[in-house]
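Novice: Have a look at this one.
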Amino acid sequence: MRRSKVSASNLAKASAIIRRGGVVAFPTETVYGLGADALNEKAVKKIFRLKGRPSDNPLIVHIAEKTDVGKLVQSIPQIAERLIDKFWPGPLTLVLFKNPSVPDATTAGLETIAIRMPDHEIARRLIKLSGAPIAAPSANRSGRPSPTSARMVRGDFGDAVFVLDGGRAKIGLESTVLDCTGPRPVILRPGAVTKAMIEKATGLKVAARKAATLKHRSPGNRYRHYAPEAAVFVMKNHAAAKKRASTLIQRGLRVGLASGGKNSPAGAIHFRLPKSHAGRARELYAILKAADEKQLDALVIEGVEKKNLGEAIMDRLSKAAKR
Ligand code: TXA
Ligand code: MG
């Protein structure tokens, strides 16, 4: 494994910025976060300004220890306790009824709060050194792909934000967001902790996501997401992707083709996708970003089966494809 480039002095600098009410970007196992003291209203508002994020879209609060959750919520239902035992630290965010001491800016005025404990040593050390839970959305400008490397963060924010460089994100897709405020858990955003994993851990059926209720319950779903400048086409397999790429090239467009297959039509810029779903999840956002850097008109990308991690991959791809 690649050693982290983060020095003790960089960590000290980052935590000093957070303690002073500032904003820093930091690595997690999912994607990079843009963090500030979750209990400091002014600091949290800076995140919204920097990202250009609508103020009615709440943030995820990151903690360093399982026991830190208690201060942020009213109570911990048994389902949540089981999930915390099983999946924290890790890519699972739980939505619970919030403690009134958490500022409205953090939760966008909701009576609930989204919390997770990242599986990343640097993230947890930063939280501990800062002496506060850290509110952090993905460290991208609103509507852009989430960053999976420090370089991607700098591409969006330049020198405006201090970045802790923890190398490439291990998972590459944002955490699963799970609403635990009702009798049955509801997945608001699919991620690496899958429906099957949650059902196995809780012994409960996870309620299906319904688009209508989702808009109300997870404000983030109202907004356009993960969209590169290029038009994105998601195809069933390599052959179909190749065919679509050829058609687009014939129309005179600058085309990228991302697939597991080797051969690509003449004129297409080829991004070779790893075989495994985990590998594809890891590469996805870097490819969306590269589509912009190479000023592609269209990106044709091979989809995956909508199962397990494939559900999260297809969720992000369909959002990227939406115009
Ligand atoms: O993996 C991740 O979750 C990353 C890393 C940095 O931890 N963070 C991330 O944050 O993806 P963001 O802000 O890009 O996405 C947070 C999602 C949004 O869709 C938001 O609407 C939803 O979580 N959310 C936050 N608080 C909520 C709440 N109280 N109820 C329902 N949804 C909530
Ligand atoms: Mg985001």
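So the sequence shown is residues 12 to 334, counted in the working numbering.
Where is the CB? At the ideal position from N, CA and C, for every residue including glycine.
1) Please report how far the alpha carbon of Arg-93 lies from the alpha carbon of Glu-185, in whole angstroms.
2) On the DSSP bridge list, what partners appear for Arg-20?
3) Roughly how many angstroms separate the alpha carbons of Gly-46 and Ala-277, rounded to a whole number?
4) At the level of alpha carbons, what is the spacing between Gly-183 and Phe-98?
5) Between which two residues does the beta strand (DSSP E) carrying Ser-270 extend?
6) Helix, strand or coil for Leu-299 per DSSP?
7) Expressed to the nearest angstrom, what Euclidean distance is found between the alpha-carbon atoms of Gly-166 and Thr-159?
8) Looking at Glu-40 and the ligand MG, is the gap between the Cβ and the nearest heavy atom below 8 Å?
9) Out of Gln-89, Asp-130, Glu-52 and Thr-123, state which residue places its alpha-carbon closest to the alpha-carbon of Ile-74.
10) In its own chain, which residues sit with a C-beta less than 6 Å from the C-beta of Tyr-43, not counting the 5 before and 5 after it?
11) Going by CA-CA distance only, name the one from Ala-292, Ile-126 and Ile-312 that's closest to Ala-323.
12) For the beta strand (DSSP E) containing Arg-262, list its first residue and its last residue.
13) Looking at the ligand MG, does it come within less than 8 Å of Pro-201, judged from the CB to the closest heavy atom?
14) Distance, Cα to Cα, Lys-226 vs Arg-220?
15) Given this structure, state the Cα-to-Cα distance separating Asp-176 from Gly-33, to the nearest angstrom.
16) Tell me the residue span of the alpha helix (DSSP H) that contains Asp-96.
17) Given the structure, does Glu-185 come close to the ligand MG, in the sense that its CB is under 8 Å from one of the ligand's heavy atoms?
18) Taking C-beta to C-beta, are Val-84 and Thr-117 nearer than 9 Å?
19) Determine the DSSP secondary structure at Arg-283, reduced to helix, strand or coil.
20) In whole angstroms, what separates the C-alpha of Leu-259 from that of Ala-309?
21) Between Asp-190 and the ligand TXA, is the CB less than 8 Å from at least one heavy atom?
22) Thr-213 and Ile-90: beta carbons closer than 9 Å?
23) According to the neighbour-count rule (16 or more other Cβ atoms, all chains shown, within 10 Å of its Cβ), is Asp-48 buried or exposed?
24) Whole angstroms is fine: what's the gap from Ala-223's alpha carbon to Asn-51's?
25) Under three-state DSSP, which class holds Pro-111?
26) For the beta strand (DSSP E) that Ala-242 lies in, which residues bound it at each end?
27) Any heavy atom of the ligand TXA closer than 8 Å to the Cβ of Ile-193?
28) Quick one: grab the DSSP three-state call for Ala-75.
29) Return the residue from the list Leu-215, Val-174, Ala-256 and Ile-87 that minimises the CA-CA distance to Thr-123.
30) To the nearest angstrom, how far is it from the Cα of Lys-62 to the Cα of Ala-297?
31) Quick one: what does DSSP say Val-188 is sitting in, helix, strand or coil?
Specialist: This is what the structure holds:
1) 21 Å
2) Checking the sequence, you will find Ser at residue 20 rather than Arg. Ser-20 is not bridged to any residue.
3) 44 Å
4) 17 Å
5) 266-270
6) helix
7) 12 Å
8) no
9) Asp-130
10) Ala-36, Ala-150, Pro-158 and Val-164
11) Ala-292
12) First-last for Arg-262: undefined, no H or E at that position.
13) no
14) Per-residue confidence for Lys-226 stands at a pLDDT of 48, beneath the threshold of 50, marking its modelled position as unreliable; the derived number appears in the next sentence. Rounded to the nearest angstrom, the two C-alpha atoms are 10 Å apart.
15) 18 Å
16) 89-98
17) yes
18) no
19) strand
20) 8 Å
21) yes
22) yes
23) buried
24) Bear in mind that the predicted position of Ala-223 carries a pLDDT of just 45, short of 50, making it unreliable; the figure below should be weighed with that in mind. Rounded to the nearest angstrom, the two C-alpha atoms are 33 Å apart.
25) coil
26) 242-246
27) In the sequence under discussion, the amino acid at residue 193 is Gly, which differs from the Ile named in the question. No, since every heavy atom of the ligand TXA falls outside the 8 Å radius drawn around the Cβ of Gly-193.
28) coil
29) Ile-87
30) 19 Å
31) strand
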